[in-house]
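Below is one structure, written out as structure tokens; comments come after it.
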Amino acid sequence: METIKIHDKSFQILIPETVIMERVKSLAETLNVIYEGKTLHIICVLNGSFIFTADLVRYLTMPMEIHFVRVSTYGNERVSSGSTREVWGLDSLNISQKSVLIAEDIIDTGFTLEFLRQKIDALRPESIETITFLFKPESFKGTKRPEYTGFNIPDDFVVGYGMDYAQMGRELRAIYQLYED
Ligand code: PRP
Numbered sequence: 001m002e003t004i005k006i007h008d009k010s011f012q013i014l015i016p017e018t019v020i021m022e023r024v025k026s027l028a029e030t031l032n033v034i035y036e037g038k039t040l041h042i043i044c045v046l047n048g049s050f051i052f053t054a055d056l057v058r059y060l061t062m063p064m065e066i067h068f069v070r071v072s073t074y075g076n077e078r079v080s081s082g083s084t085r086e087v088w089g090l091d092s093l094n095i096s097q098k099s100v101l102i103a104e105d106i107i108d109t110g111f112t113l114e115f116l117r118q119k120i121d122a123l124r125p126e127s128i129e130t131i132t133f134l135f136k137p138e139s140f141k142g143t144k145r146p147e148y149t150g151f152n153i154p155d156d157f158v159v160g161y162g163m164d165y166a167q168m169g170r171e172l173r174a175i176y177q178l179y180e181d
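Mapping of the sequence shown onto the working numbering: position 5 corresponds to residue 5, and the numbering continues sequentially without gaps.
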């Protein structure tokens, strides 16, 4: 199978572009039914979620506002630290009594989501749900799973479709997994 090199590591395809796009469309169809008649406030969690959010929102049909927040990152490590994080971008959010959908690229331990949900909850939205493109069930240590998931994946390191390895690889159209360490 084709492998690609990013920095010092090799990666091979895990989810091809065509499969990704079909799944994104089908997630959007689900949301179009569930949020019909509502205005949706989508919160894109930067950086990784920028491509998933951009693709998803273009298949959604309800009125929406798209907001952007940033949670402090793993740095260049390849595993989640699980430590407490900081959020930027919440101050300007006016989501009181609104329907909120948090859009993540990947949920690993779930610590980032747990932290973010608490912060968003304090802004008193009418509802909060989460959509994640990728979910790692084996690594998840949170209390509340995402309501919508693109793909469950094993506990392997992945890049592409917004996700990086030491800031590279975000532009890749497919999801790649680490092939050799
Ligand atoms: C990723 C992802 C989530 C978080 C999930 O972000 O976008 O926010 O990790 O990990 P967790 O469930 O173990 O908390 P990352 O910190 O890699 O930052 P980035 O999106 O800016 O690359």
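Ideal Cβ positions, reconstructed from N, Cα and C, are used throughout, including at glycine.
A quick note: this is a predicted structure, and the numbers were derived from the prediction, not measured.
To the nearest whole angstrom, what separates the beta carbons of residue i and residue j, a pair I think is in contact under 8 Å?
{"i": "Asp-105", "j": "Ser-139", "result": "Rounded, the Cβ-Cβ distance is 15 Å, inconsistent with contact."}
{"i": "Val-87", "j": "Ile-128", "result": "Not confirmed; about 14 Å, so no contact."}
{"i": "Lys-9", "j": "Tyr-165", "result": "6 Å"}
{"i": "Ile-175", "j": "Val-158", "result": "5 Å"}
{"i": "Ile-13", "j": "Met-1", "result": "7 Å"}
{"i": "Val-45", "j": "Val-69", "result": "6 Å"}
{"i": "Phe-11", "j": "Gly-162", "result": "That pair is no contact at about 15 Å."}
{"i": "Gly-150", "j": "Val-24", "result": "7 Å"}
What's the call for residue i, buried or exposed, on a 16-neighbour Cβ count within 10 Å?
{"i": "Lys-141", "result": "exposed"}
{"i": "His-41", "result": "buried"}
{"i": "Gly-37", "result": "exposed"}
{"i": "Arg-78", "result": "Residue placement at Arg-78 is poorly supported in this model, since its pLDDT is 42, which falls under 50; the coordinates are not used for a value here."}
{"i": "Arg-173", "result": "exposed"}
{"i": "Lys-136", "result": "buried"}
{"i": "Leu-27", "result": "buried"}
{"i": "Pro-16", "result": "exposed"}
{"i": "Thr-112", "result": "buried"}
{"i": "Ala-54", "result": "exposed"}
{"i": "Pro-146", "result": "buried"}
{"i": "Ala-122", "result": "exposed"}
Which of the three DSSP states, helix, strand or coil, is assigned to residue i?
{"i": "Gln-167", "result": "coil"}
{"i": "Val-100", "result": "strand"}
{"i": "Lys-141", "result": "coil"}
{"i": "Lys-9", "result": "strand"}
{"i": "Arg-78", "result": "Reliability of the predicted coordinates at Arg-78 is poor, the pLDDT of 42 falling under 50, and no value is obtained from them."}
{"i": "Ile-95", "result": "coil"}
{"i": "Glu-180", "result": "strand"}
{"i": "Leu-56", "result": "helix"}
{"i": "Leu-61", "result": "The sequence given here has Thr at residue 61, not Leu. Coil."}
Can you name the residues that DSSP bridges to residue i?
{"i": "Gln-258", "result": "This structure cannot settle anything about residue 258, because the visible part of the chain is limited to 1 through 181."}
{"i": "Val-66", "result": "Note that residue 66 corresponds to Ile in the displayed sequence, not to Val. The partner list for Ile-66 (beta bridge, DSSP) reads Ile-42."}
{"i": "Leu-134", "result": "Ile-106 and Phe-151"}
{"i": "Ser-191", "result": "The question about residue 191 has no answer here: the residues shown for the chain are numbered 1 through 181."}
{"i": "Ile-15", "result": "Ile-175"}
{"i": "Ile-20", "result": "In the DSSP output, where bridge partners are listed per residue, Ile-20 has none listed."}
{"i": "Ile-4", "result": "Phe-11"}
{"i": "Gly-37", "result": "DSSP output for Gly-37 lists no bridge partner at all."}
{"i": "Gly-160", "result": "Met-163"}
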